[in-house]
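K.L.:
UniProt numbering applies: residue 1 is where the sequence shown begins, and numbers increase by one.
Glycine included, C-beta positions come from ideal geometry on N, C-alpha and C.
The structure that follows is given in the form of structure tokens.
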Amino acid sequence: MWQGVIPAVTTKFTPDDALDLKEMERCYDGLMQAGCDGLIACGSLGEGPLLSHAERIEVLKLAKQVAGHRPALLTVAEAATRDACVLAEKAAHAGADGLMVVPGTIYHSNHRETVTALRAIAAAGDLPVMIYSNRLAYRVDVTTDMLEELADDARFVAVKESSDDIRRTTEIIRRLGRRYDVLTGVDNLAFEALTAGATGWVAGLAVAFPHETVAIFRLIRAGRYAEALDIYRWFRPLLDLDVSTYLVQNIKLVEALVTQSNERVRAPRLPLDGAQRERVLAVVSEALRERPQLPDVI
Numbered sequence: 001m002w003q004g005v006i007p008a009v010t011t012k013f014t015p016d017d018a019l020d021l022k023e024m025e026r027c028y029d030g031l032m033q034a035g036c037d038g039l040i041a042c043g044s045l046g047e048g049p050l051l052s053h054a055e056r057i058e059v060l061k062l063a064k065q066v067a068g069h070r071p072a073l074l075t076v077a078e079a080a081t082r083d084a085c086v087l088a089e090k091a092a093h094a095g096a097d098g099l100m101v102v103p104g105t106i107y108h109s110n111h112r113e114t115v116t117a118l119r120a121i122a123a124a125g126d127l128p129v130m131i132y133s134n135r136l137a138y139r140v141d142v143t144t145d146m147l148e149e150l151a152d153d154a155r156f157v158a159v160k161e162s163s164d165d166i167r168r169t170t171e172i173i174r175r176l177g178r179r180y181d182v183l184t185g186v187d188n189l190a191f192e193a194l195t196a197g198a199t200g201w202v203a204g205l206a207v208a209f210p211h212e213t214v215a216i217f218r219l220i221r222a223g224r225y226a227e228a229l230d231i232y233r234w235f236r237p238l239l240d241l242d243v244s245t246y247l248v249q250n251i252k253l254v255e256a257l258v259t260q261s262n263e264r265v266r267a268p269r270l271p272l273d274g275a276q277r278e279r280v281l282a283v284v285s286e287a288l289r290e291r292p293q294l295p296d297v298i
């Protein structure tokens with residue numbers, strides 16, 4: 001159902017901390033024009049947990065408008081299952097094409113609790129669901145055993161695999177075949193996951209470098225691995241910025257430098273300063289200096 005490059009988009013703010021819908025529309029449209037295959041709103045990179053439900057629905061509606069016939073998903077990441085179910089219902093009423101669901105964001109649920117929560121959220125929204133498994137950032141590992149247990153509910157259609165263990169992609173496909181679309185959610189493991197059988201990439205740095213991200217995916221799909229790997233090796237220092245406590249600030253700074261957007265974040269986050277900022281500036285400067293010419297690819 002969901003394949004290709006689907007960026008996890010950033011949320012833009014005005015100087016007075018309101019949603020900057022005009023700037024988001026400009027940025028999201030650039031991703032669609034570059035050939036991305038959908039949008040995921042209000043995830044970790046989109047500062048979803050710092051937005052009200054009303055703000056998240058507003059961002060979703062904009063993403064849906066810009067995505068057109070391509071899917072627009074809302075991230076559901078709530079501490080309480082009750083609140084997650086409410087948000088899932090709101091997303092369905094707002095026209096979401098699906099949900100990306102993060103289990104156990106504050107209380108780190110066990111196997112039984114995780115499966116129960118995921119089932120409840122899927123039932124509340126009654127939409128296709130991408131399960132977000134990220135044991136490092138969220139400390140809840142949605143294991144292959146859990147995916148097998150959830151496979152009896154057709155609403156669970158995909159998994160964003162972010163365990164940081166490339167073996168997990170192979171394990172899911174070996175055990176469950178193509179029951180789920182497996183999308184890689186770790187930018188600096190994307191080549192490895194896509195060549196191991198993942199069918200999509202929930203991408204972070206795509207918000208600043210969509211053409212390169214799309215080229216890597218399409219070259220791999222076409223079996224042109226060497227060309228894809230050349231771009232990926234150039235891209236790696238940038239992709240590493242996604243795997244950080246400061247991924248939001250990192251990537252928003254990259255966006256500001258590359259797409260002339262802004263790097264405003266919602267407190268308690270603050271824009272990067274000092275050595276952290278200088279490091280990102282250096283990575284971007286080198287990347288732009290050595291930016292490759294992309295090959296023709298369908």
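Which residue wins for smallest C-alpha separation from V202, given the options A96, L74 and D17?
P.N.:
V202 has its Cα closest to that of L74, out of A96, L74 and D17.
K.L.:
Which residues does DSSP list as the beta-bridge partners of A256?
P.N.:
Looking at the DSSP assignment, A256 forms no beta bridge with any residue, so it has no partner.
K.L.:
In three-state DSSP terms, what is S133?
P.N.:
S133 falls in the strand class under three-state DSSP.
K.L.:
According to DSSP, simplified to helix, strand and coil, what is T184?
P.N.:
T184 falls in the strand class under three-state DSSP.
K.L.:
M32 by DSSP, collapsed to three states: which one?
P.N.:
Correct three-state label for M32: helix.
K.L.:
Leaving out five residues before and five after N262 in sequence, what residues of the same chain have Cβ atoms less than 6 angstroms from its Cβ?
P.N.:
A256, listed in sequence order.
K.L.:
Pop quiz: T114 and A77 are said to be a contact at Cβ under 8 angstroms. What is the actual Cβ separation, rounded to whole angstroms?
P.N.:
About 13 angstroms separates the two Cβ atoms, so there is no contact after all.
K.L.:
Hey, could you find the ends of the alpha helix (DSSP H) L150 is sitting in?
P.N.:
Here the alpha helix (DSSP H) through L150 covers T144 to L150.
K.L.:
Which residue spans inside the region 69 to 129 form an unbroken beta strand (DSSP E) run of at least 3?
P.N.:
Listed in chain order, they are 72 to 76 and 98 to 101.
K.L.:
When the distance is taken between beta carbons, is H211 closer than 8 angstroms to L150?
P.N.:
Against a cut-off of 8 angstroms, the Cβ pair of H211 and L150 comes out as no contact.
K.L.:
Going by C-alpha distance, which of V284, V265, K160 and A226 is nearest P237?
P.N.:
When each option's Cα is compared against that of P237, the closest is V284.
K.L.:
Looking only at its chain, what residues have a beta carbon closer than 6 angstroms to the beta carbon of F191, apart from the 5 residues adjacent to it on each side?
P.N.:
Result list for F191: Y232, in chain order.
K.L.:
Straight-line CA distance for A154 to P128?
P.N.:
Rounded to the nearest angstrom, the two C-alpha atoms are 8 angstroms apart.
K.L.:
Under the criterion of a Cβ to heavy atom distance below 7 angstroms, does V248 qualify as lining the ligand COA?
P.N.:
No copy of the ligand COA appears in this structure; indeed no ligand is present at all.
K.L.:
Output the residue ranges of the alpha helix (DSSP H) runs that lie fully inside the region 46 to 72 and measure 4 residues or longer, sorted by chain position.
P.N.:
You should have 53 to 67.
K.L.:
Between A8 and I40, how many whole angstroms is the CB-CB distance? I'm expecting something under 8 angstroms.
P.N.:
So it is a contact: roughly 5 angstroms between Cβ atoms.
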